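Residue numbers (the UniProt record's numbering), protein chains in the order written: chain A, 1 to 463; chain B, 1 to 245.
In this text, a Cβ means the ideal position worked out from N, Cα and C, and glycines have one as well.
These figures come from a predicted structure and were not determined experimentally.
To start, the structure under review is shown below, and the notes come after it.
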Amino acid sequence: MKSLESWGRYPRVEQHTRPLVWRTDSLPRPDGTVLPHGLGRSYGDSCLNEGGTLLLTSGLDRLISFDAGTGVVRCEAGVTLDTLLRLAAPRGWFLPVTPGTKFVTVGGAIANDVHGKNHHRGGTFGRYVRRFELLRSDGSRRVCAPDENPDWYGATIGGLGLTGLVTWAEVQLKPISNPYVLQETVPFENLDGFLDVARASEADYEFTMAWVDCLAVGKNVGRGLLYRGNFAPPQFDGLPLKKSHLSHGSGLAVPMDMPAFCLNRLSVSAFNWLYYHRQNGKPKQRLTHYDPFFYPLDAIYGWNRIYGKRGFLQFQCVVPYSTARDALREILERSSRGGLPSFLSVLKTFGDIPSPGWMSFPRQGVTLAMDFANRGEKTWRLVEELDRLTREAGGAVYPAKDARMSPESFAAYFPRRAEFSGYIDPAFSSSFWRRVNPVTLPFSLESERGPTASQPQSLLAIR
Amino acid sequence: MKKVLVLGATSAIAQATVRLLAARGASLYLVGRNAANLDSVAKDAATRGAAKVEQRAVDLNDFAAHEPLVDAAYAALGGLDGVVLAHGVLGDQAEAQKSWEATEVVLRTNFLSAVSLLTVLANRFEAQKAGTLVVISSVAGDRGRQSNYVYGASKGALNVFLQGLRNRLAKSNVAVVTVKPGFVDTPMTAHLPKNKLFASPDKVARGLLSAADGRKNEVYVPGIWALIMLIIRTIPEAMFKRMKL
């Protein structure tokens with residue numbers, strides 16, 4: 001048994017691990033359940049399997065083919081988005097949709113149907129997955145595509161790794177003329193300001209997202225900076241690449257767990273004030289390489305350690321436009337009043353492009369992501385409260401960033417849950433899935449729990 | 001190394017090396033036992049930019065196949081200027097102590113098959129007066145220890161053979177590079193508990209290629225193992241034989 005944590009560093013659970021090596025190998029059949037695990041960048045427990053086994057996919061990292069003419073790449077599921085970018089970007093292709101970190105695997109991107117700054121234009125990652133192979137614990141292998149095993153295709157995209165192991169996938173990339181992004185930063189004074197500038201930007205900008213000062217209060221609630229951009233046109237081809245643009249991160253790293261006092265209301269508040277005011281309230285334009293534009297946090301290796309050993313809770317919700325103004329104001333005010341600083345809070349609009357995935361999180365509306373240092377009961381109550389507000393607003397919470405939503409919330413957010421359940425591989429399960437579906441399992445969990453398994457700290461945590 | 005024969009190409013260190021060579025645009029002739037796995041490695045190399053990738057599934061313990069294999073590699077790539085010999089087995093020390101058969105498999109695979117292949121290859125490289133022979137050995141060959149002396153003996157014998165070969169081929173401008181990795185996190189060591197001394201195959205591959213580029217003689221990868229093995233080799237035998245290593 002190994003003690004493993006996800007990116008949010010909460011929860012920390014005991015489980016076995018089995019490395020996968022070849023895509024033609026059959027699945028290992030340990031006692032108990034298994035769950036594919038890539039780079040563990042999910043924040044909560046959707047990438048953990050307490051008492052069971054994680055199938056480590058990092059060994060399935062081979063490329064299979066790349067057609068520089070059509071931009072179709074086929075690779076094993078453990079290949080990282082970083083690897084795909086290194087392969088494709090110099091040849092004029094880019095990921096059609098990318099999350100805020102490139103250190104996720106293709107399998108993980110499918111399982112969580114990740115989204116990026118271009119959801120209003122491009123929808124989710126799953127839309128560009130042309131086909132993949134799904135290996136089930138009964139030994140069957142299915143090629144899944146929109147027109148081949150479409151039900152398995154729909155269940156697996158956004159299916160949290162529960163329908164079986166994706167061994168390889170084929171992704172349609174999109175053409176770019178150079179690796180640069182023309183970026184504009186526009187300040188907005190409050191939530192209304194965000195909604196206005198975000199909606200107005202959608203027509204002309206492929207990429208939009210906003211940093212929000214989650215500690216601002218009163219008339220400033222929801223103030224922040226909107227980043228919008230497009231890939232630069234061909235005339236920028238001649239620009240030389242800086243070395244830092246092509247290397248792993250910037251060499252900056254968080255060397256150790258930071259003591260909790262470094263991150264408090266005062267320090268985050270001061271940082272936010274400075275960050276917001278550094279450009280004097282005026283829009284600013286600049287040309288930037290795709291790396292800092294899409295992956296600013298990847299430059300700080302191990303940034304999750306700034307929250308210390310107890311980790312943090314991520315909260316990302318989406319609420320429909322009809323209720324967005326009121327619900328988001330309430331959520332922002334509560335988290336601000338709650339006095340628990342979120343290091344990075346992000347607002348973004350989702351468009352109406354549907355995903356092929358039944359369990360996909362993104363849906364039309366406004367999404368807000370926040371992270372809260374885990375200070376126990378107090379934090380749990382706050383996030384639980386934000387969850388309730390989301391539910392009442394007809395929204396949803398993102399499983400990839402969750403460690404605590406209730407079974408009731410999950411059922412409300414994912415109406416196709418019952419249909420999806422029929423496609424779960426009987427040998428597959430996750431801590432997340434058991435938490436949001438407290439029903440009889442095919443395997444006895446009690447017998448698999450090690451004596452050192454962590455006990456929930458409070459009633460809130462028992463979920 | 002532009003035209004490289006990789007023996008044992010499906011091993012973790014070889015795969016990582018193949019990737020680096022492919023990214024440099026080298027032409028590769030990949031040899032491994034399992035055809036399906038070899039095909040995965042070949043496609044990966046081709047996608048990553050190798051100028052040419054050929055493959056052949058062979059059991060390298062069939063010594064009669066060695067000469068035709070080298071012929072085929074020369075024909076496929078239009079010559080060879082590099083060899084990475086990476087095949088090998090760890091074996092099971094406890095099994096080997098009980099049976100000669102288990103011992104023989106380790107010696108045949110790690111030592112005899114390497115000697116057979118290098119005999120053919122060294123003669124070709126000596127004649128063409130160019131080339132680099134890179135052989136993956138192990139720190140285990142530096143001193144016999146009760147926990148894995150059969151594996152260690154196969155690698156130790158290999159090291160001495162390579163020393164002699166290096167001595168013989170120096171005048172012919174052929175480099176013989178002995179690479180001695182320490183613990184590497186690979187399927188070969190999947191059953192062992194990991195500690196901080198375990199290096200990734202990629203790190204070892206980068207060390208291997210820089211040694212090959214520099215036409216080094218013997219290198220430890222990662223370098224820390226030079227110090228560790230210096231200490232291990234220096235312990236007097238009278239004391240060493242009573243230690244549990």
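Item: Proximity test, Cβ basis, 7 Å: S26(A) and chain B; Value: no
Item: Per-residue DSSP class, three states only, for E76(A); Value: strand
Item: Integer-rounded CB distance, given that A203(A) should sit under 8 Å from A336(A); Value: Looking at the sequence shown, residue 336(A) is not Ala but Ser. At roughly 31 Å, the Cβ-Cβ gap does not stay under 8 Å, so S336(A) and A203(A) are not in contact.
Item: Within 7 Å, strictly: CB atoms of G154(A) and W358(A); Value: yes
Item: Near-chain B residues of the region 12-45 of chain A (beta-carbon distance less than 7 Å), N- to C-terminal order; Value: P19, V21, W22, R23 and T24
Item: Test item: CB-CB of L135(A) and T185(A) under 7 Å; Value: no
Item: Sequence-distant residues of its chain with Cβ nearer than 6 Å to F420(A) (five each side left out); Value: A155, W358 and M359
Item: Beta-carbon separation (whole angstroms), A169(A) vs C75(A), contact threshold 8 Å; Value: 7 Å
Item: Closer than 9 Å at the beta carbon, the chain B residues around S58(A); Value: Within chain B, no residue comes near S58(A); the closest Cβ sits about 10 Å away, beyond 9 Å.
Item: Where T47(B) meets chain A, residues with beta-carbon distance less than 9 Å; Value: R62, L63, I64, S65, F66, V73, R74, C75 and L87
Item: Where I176(A) sits in the DSSP three-state scheme; Value: coil
Item: At least 3 beta-carbon pairs within less than 8 Å: the region 95-107 of chain A vs the region 71-89 of chain B; Value: no
Item: N37(B) at chain A interface by Cβ criterion, 7 Å; Value: yes
Item: Chain-order list of residues whose beta-carbon lies under 6 Å from that of K52(B) (same chain, five-residue window excluded); Value: S27
Item: Assigned exposure category for Q15(B) - 16 Cβ within 10 Å defines buried; Value: buried
Item: Within-7 Å CB hit, S40(B) to chain A; Value: yes
Item: Nearest to S154(B) (by Cα), restricted to the options A114(B), S99(B), V177(B) and R124(B); Value: A114(B)
Item: Burial state of S11(B), where buried means 16 or more other Cβ atoms lie within 10 Å; Value: buried
Item: CB contact below 7 Å: D185(B) versus chain D; Value: In the structure shown, chain D does not exist; the protein chains are A and B.
Item: 3 or more residues per run - each beta strand (DSSP E) lying fully within the region 259-317 of chain A; Value: 284-289
Item: Classification of H191(B) by the beta-carbon crowding that lies within 10 angstroms, buried from 16 upward; Value: exposed
Item: Interface flag, D59(B) vs chain A, CB-CB below 7 Å; Value: no
Item: Every unbroken beta strand (DSSP E) within the region 80-104 of chain B, with a cutoff of 3 residues, ordered by chain; Value: 82-85
Item: C-alpha distance - R233(B) paired with L90(B), whole-angstrom precision; Value: 21 Å
Item: Supposed close pair F315(A), V383(A) - CB separation, criterion 8 Å; Value: 5 Å
Item: Neighbouring residues, chain A, relative to K43(B) (Cβ below 8 Å); Value: R62, L63, I64 and S65
Item: Within-7 Å CB hit, M1(A) to chain B; Value: no
Item: Selection of the region 189-219 of chain B by Cβ proximity to chain A, strictly under 8 Å; Value: A190
Item: Touch test, the region 182-200 of chain B against the region 64-79 of chain B, Cβ-Cβ under 8 Å, three pairs minimum; Value: no
Item: Inter-stretch contact (C-beta, 8 Å, three-pair minimum) for the region 129-144 of chain B and the region 21-38 of chain B; Value: no
Item: Beta-carbon gap between L386(A) and A327(A) smaller than 7 Å; Value: no
Item: Beta bridge counterpart(s) of E54(B) as assigned by DSSP; Value: Y29(B)
Item: Beta-carbon proximity of T47(B) to L182(A), cut-off 7 Å; Value: no
Item: Proximity below 7 Å, CB of L38(B) to CB of H87(B); Value: no
Item: Neighbourhood of L117(B) by C-beta, 6 Å cutoff - its chain only, sequence neighbours within 5 removed; Value: H66
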